[in-house]
Every structure is written in structure tokens, then in C-alpha cells.
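In terms of this note's numbering, the sequence shown has 10 at position 8, counting the first letter as 1, and numbering is strictly consecutive.
For glycine and all other residues, C-beta sits at the position ideal for the given N, C-alpha and C.
It should be emphasised that the depicted structure is a prediction, and the values quoted were computed from it without experimental measurement.
One structure is given here, and the rest of the page talks about it.
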Amino acid sequence: MNKLIMKGTWNETKGKLKQKYGELTDDDLTFAEGKDDELLGRLQTKLGKTKTELREEIKNM
3 MNKLIMKGTW
13 NETKGKLKQK
23 YGELTDDDLT
33 FAEGKDDELL
43 GRLQTKLGKT
53 KTELREEIKN
63 M
């Protein structure tokens, strides 16, 4: 799976991620269509998780 799949709106998902990981900022979670890898790269650096782990976590929110 190459594309980031989210349930609901990105703003909802962003809020859930910020609640779970207090160290994330709005800049960390800036998402532009087609920039999945850039977002996942920032989250990977900040949270120390793999892209696969992050995709699954976001998909399940």
C-alpha cells in the first residue's frame, strides 16, 4: 500500500494524533494531497516508527 488511507477527515485524524502524541505540532502534521511520503517522513523522524506502522495507525483512527 503506497497511499495513506484515512478514515474521516484529516482534521479529525490530526486531532487524534496530537492527543496521542503531545509532541506533534501543526507543522509536523501539515498534509498536502500527494505528499504522503513527506508527512510520513516527518512523523517517522519525530516518533521513531516505520512508515508501515504509521500508515496502519492512521488508517485505524
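Among the residues of its own chain, which have a CB less than 7 Å from the CB of residue i, if the five just before and after it don't count?
i	result
G10	none
T47	none
What is the C-beta distance between residue i and residue j, in whole angstroms, given that I count them as a contact (C-beta under 8 Å)?
i	j	result
Y23	L56	The Cβ separation is near 11 Å, so there is no contact.
D30	R44	5 Å
Excluding the 5 residues flanking residue i on each side, which residues of the same chain have their C-beta closer than 8 Å to its C-beta?
i	result
W12	F33
Going by DSSP in three states, residue i sits in which element: helix, strand or coil?
i	result
L45	helix
K18	helix
T54	helix
K61	helix
E35	coil
I7	coil
Return the chain-ordered list of same chain residues with a C-beta closer than 6 Å to the C-beta of residue i, the five sequence neighbours on each side being excluded.
i	result
K20	L26
E59	none
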